[in-house]
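S.K.: I'd like to ask some things about the structure below.
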Amino acid sequence: MDDTFRCGLIRVAPSGETPNWQEFARRMAFAQRLGLNAVFLTAFQNEQGDWVVPFFSAEDSMGRDAKANEAIARVTPYELVGTRKIDVAKADLETLASLAALVPEPAREVRTSDVMPTMKHKAISNVDEAFDGLVGMAPQQELFSKLAVARSKHGNAAIDSFHFVFDGPPGSGKTELASRTPALLDLLGITDGSGRFVKVGEANLVAKYVGHTAPKVRRVVESALGGVLFIDEAYAIMSAPHFGQEAIDALVDQLETHRHDLVCIIAGYTKETDALLDSNPGLRDRFPFRITFPEYDDEELADIFEAMASSRGFSTENYDELVSCARILRQSKGFSNARTMRKLLDHSIIEAASSHDEATIYDKDLRAALNQVFDGKGRRTIGF
173 MDDTFRCGLI RVAPSGETPN WQEFARRMAF AQRLGLNAVF LTAFQNEQGD
223 WVVPFFSAED SMGRDAKANE AIARVTPYEL VGTRKIDVAK ADLETLASLA
273 ALVPEPAREV RTSDVMPTMK HKAISNVDEA FDGLVGMAPQ QELFSKLAVA
323 RSKHGNAAID SFHFVFDGPP GSGKTELASR TPALLDLLGI TDGSGRFVKV
373 GEANLVAKYV GHTAPKVRRV VESALGGVLF IDEAYAIMSA PHFGQEAIDA
423 LVDQLETHRH DLVCIIAGYT KETDALLDSN PGLRDRFPFR ITFPEYDDEE
473 LADIFEAMAS SRGFSTENYD ELVSCARILR QSKGFSNART MRKLLDHSII
523 EAASSHDEAT IYDKDLRAAL NQVFDGKGRR TIGF
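Right, here's the structure in full:
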């Protein structure tokens, strides 16, 4: 087959606008289904501040693969900044690696994680710094401090694997702590210092067709090598139609293969996570560290509210009133710890803004917000 390889840039959003990376991924996946044979690289901002996505494409003389400029113009709203033909004989190794994904078969569908820029974490100088602003995380902090000591005394080789299970009720800080682990593990020398953090769910791991799931799991794992792979609500894999068990089995193999160059964190509710760990004889053993996140008590919930309010430039009038609200909200349908307090804060700020100019949440603002947030599932309306 006489292939023509090209490279180019796609202008996704002008300066000052934030691209919708999920939409970009979906539109390009659709273009690929219509014949576009292309691979996409990490987006960046050019000198004008526009967001652009580099890509490589292939088209053959028989017309079996759509030309990039035609396909992108036909089915996407994005602007093709320009393309040029690649002289394969003079291409560097990095370019060749990208072109290799185009032959002999069409490239895999683009994922949001392929083009979304890597979030740079703030460098930290000690373990305690990673827990700044977090409430009720003393056991978690103690575990990571012990890991730091063990690694300092005996090196990484003394511990075979650093995979974690985070389990607990909704809104208890699992995802927040997971998002801080790249900085923490880079500090400890467990990860490679790149800050790589790949967050995925069931849809990123389970394919729709026979034989596609294991390769899909492998690609996801490989995209996180050197950093952290975070599987949120991992128990959902079990209920995925047709190929959920295949994904679990493939994940077990990959975690064993890459136990020295990857940290995997799975998170979810305790009961469902236990069922997931029991779904494969080797899965539980692949995660030597398990941290259970309990529900916050009323005072901790009040502390969380105050911390979030302060980060938005607001103060509160009465701490005891916050504790009382937290106690009431615990009886609300769908109570989810910190997430419920964040919702209460949103409504409190709205109430405060409608009644006065100060950046203060007074008790009357809090009570009005509580009436908006509380769902008693048949209980009486809150009154004071």
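To convert, take the position in the sequence shown, counting from 1, and add 172; that gives the numbering used here.
Every residue gets a Cβ at the ideal spot worked out from N, C-alpha and C, and that includes glycine.
Is the distance from the Cβ of Glu418 to the Cβ of Ala375 below 8 Å?
M.R.: Going by C-beta atoms, Glu418 is not nearer than 8 Å to Ala375.
S.K.: Less than 8 Å between the beta carbons of Ser229 and Leu208, yes or no?
M.R.: Yes, the Cβ-Cβ distance between Ser229 and Leu208 is below 8 Å.
S.K.: Ser324: which of Pro341, Leu542, Asn298 and Val337 sits nearest, CA to CA?
M.R.: Among Pro341, Leu542, Asn298 and Val337, the Cα nearest to that of Ser324 is on Asn298.
S.K.: Would you say Ala203 and Ala245 are within 8 Å of each other, going by their C-beta atoms?
M.R.: Contact flag unset, no.
S.K.: May I ask which residues mark the beginning and end of the alpha helix (DSSP H) holding Gly416?
M.R.: Gly416 -> alpha helix (DSSP H) spans Gly416 to Thr429.
S.K.: Taking only the alpha-carbon atoms, compute the straight-line gap between Ile296 and Ala355 and give it to the nearest angstrom.
M.R.: So the alpha carbons of these two residues sit roughly 7 Å apart.
S.K.: Three or more C-beta pairs closer than 8 Å, one from the stretch 181-196 and one from the stretch 247-266: is that the case here?
M.R.: With the cut-off at 8 Å, the stretch 181-196 and the stretch 247-266 touch.
S.K.: Restricting to Cα atoms, I'd like to know which of Lys505, Ser487 and Gly506 is closest to Asp529.
M.R.: Selected option, being the one with the closest Cα: Ser487.
S.K.: What do you reckon, are the CB atoms on Val400 and Leu423 nearer than 8 Å?
M.R.: No. Outside cutoff.
S.K.: Using the beta-carbon count (16 or more within 10 Å), is Leu501 buried or exposed?
M.R.: Buried, by the Cβ-count rule.
S.K.: Assuming Phe436 and Leu448 are in contact, meaning their beta carbons sit under 8 Å apart, how far apart are those beta carbons, in whole angstroms?
M.R.: Strictly speaking, residue 436 in this sequence is Cys, with Phe absent from that position. Contact flag wrong, Cβ pair sits at about 13 Å.
S.K.: What does the alpha-carbon distance come out to for the pair Leu306 and His326?
M.R.: Those two C-alpha atoms are separated by around 29 Å.
S.K.: Would you mind reading off the limits of the beta strand (DSSP E) that contains Ile522?
M.R.: Segment Ala510 to Ser527 is the alpha helix (DSSP H) holding Ile522; no beta strand (DSSP E) there.
S.K.: What residue from Arg352, Leu377, Gly373 and Tyr381 has the CA that sits closest to Gly367's CA?
M.R.: It is Arg352.
S.K.: On the three-state DSSP scale, how would you describe Lys505?
M.R.: It is coil, neither helix nor strand.
S.K.: Residue range of the beta strand (DSSP E) that Asp339 falls in?
M.R.: Unbroken beta strand (DSSP E) run through Asp339: Phe336 to Asp339.
S.K.: Rounded to a whole number of angstroms, what is the C-alpha to C-alpha distance between Asp492 and Phe227?
M.R.: Whole-angstrom Cα-Cα distance: 56 Å.
S.K.: So what does DSSP say about Ala201, is it helix, strand or coil?
M.R.: If DSSP states are grouped into helix, strand and coil, Ala201 belongs with the helices.
S.K.: Over what stretch of residues does the beta strand (DSSP E) that includes Ile244 continue unbroken?
M.R.: First-last for Ile244: Ala240 to Val247, but that is the alpha helix (DSSP H), not the beta strand (DSSP E).
S.K.: So the candidates are Asp304, Ser344, Tyr441 and Asp469; which of them puts its Cα closest to the Cα of Tyr407?
M.R.: If we check each option's Cα against that of Tyr407, Tyr441 comes out closest.
S.K.: Does the distance from the C-beta atom of Phe177 to that of Gly345 stay below 8 Å?
M.R.: No, Cβ-Cβ distance for Phe177 and Gly345 is not below 8 Å.
S.K.: Alpha carbon to alpha carbon, how far is Ser333 from Thr363? Give it in angstroms, no decimals.
M.R.: For Thr363 and Ser333, the distance between alpha carbons rounds to 12 Å.
S.K.: Pull up the distance between the alpha-carbon of Leu538 and that of Ile438, whole angstroms please.
M.R.: Going from the Cα of Leu538 to the Cα of Ile438 covers about 36 Å.
S.K.: What number of angstroms, rounded off, separates the C-alpha of Glu370 from the C-alpha of Ser527?
M.R.: Residue identity check: residue 370 is Val in the sequence provided, not Glu. Their Cα atoms are separated by approximately 43 Å.
S.K.: Return the residue from the list Asp450, Val260, Ser508 and Phe459 that minimises the CA-CA distance to Pro342.
M.R.: Cα-wise, what sits closest to Pro342 is Ser508.
S.K.: Over what stretch of residues does the alpha helix (DSSP H) that includes Ala541 continue unbroken?
M.R.: Run containing Ala541: Asp535 to Val545, per the alpha helix (DSSP H) assignment.
S.K.: Closest by CA to Gln217, which one among Ser187, Glu195 and Asn241?
M.R.: If we check each option's Cα against that of Gln217, Ser187 comes out closest.
S.K.: Considering Cα atoms alone, identify which of Lys443, Tyr381, Asp339 and Ile420 is closest to Phe461.
M.R.: For Phe461, the nearest C-alpha among the options comes from Asp339.
S.K.: Can you round the beta-carbon distance between Val392 and Val372 to whole angstroms, since I take them to be within the 8 Å contact cut?
M.R.: Going by Cβ atoms, the distance from Val392 to Val372 rounds to 6 Å, so yes, they are a contact pair.
S.K.: Output needed for Ala498: all residues of its chain with C-beta closer than 6 Å, excluding positions within five of it in sequence on either side, in chain order.
M.R.: Closer than 6 Å at the Cβ level, and outside the excluded window around Ala498, lie Asp470, Leu473 and Ala474.
S.K.: Name, in chain order, the residues that DSSP records as bridge partners for Arg462.
M.R.: Arg462 is bridged to Val337.
S.K.: Are the CB atoms of Ser451 and Ile420 within a distance shorter than 8 Å?
M.R.: Contact flag set, yes.
S.K.: On the CB-based measure, 16 or more other CB atoms within 10 Å of its CB, does Gln312 come out buried or exposed?
M.R.: Buried.
S.K.: Looking only at its chain, what residues have a beta carbon closer than 6 Å to the beta carbon of Thr512, apart from the 5 residues adjacent to it on each side?
M.R.: Closer than 6 Å at Cβ, skipping near neighbours: Leu501.
S.K.: Provide the residue(s) that pair with Val400 in DSSP beta bridges, ordered along the chain.
M.R.: Paired residues: Phe369 and Val435.
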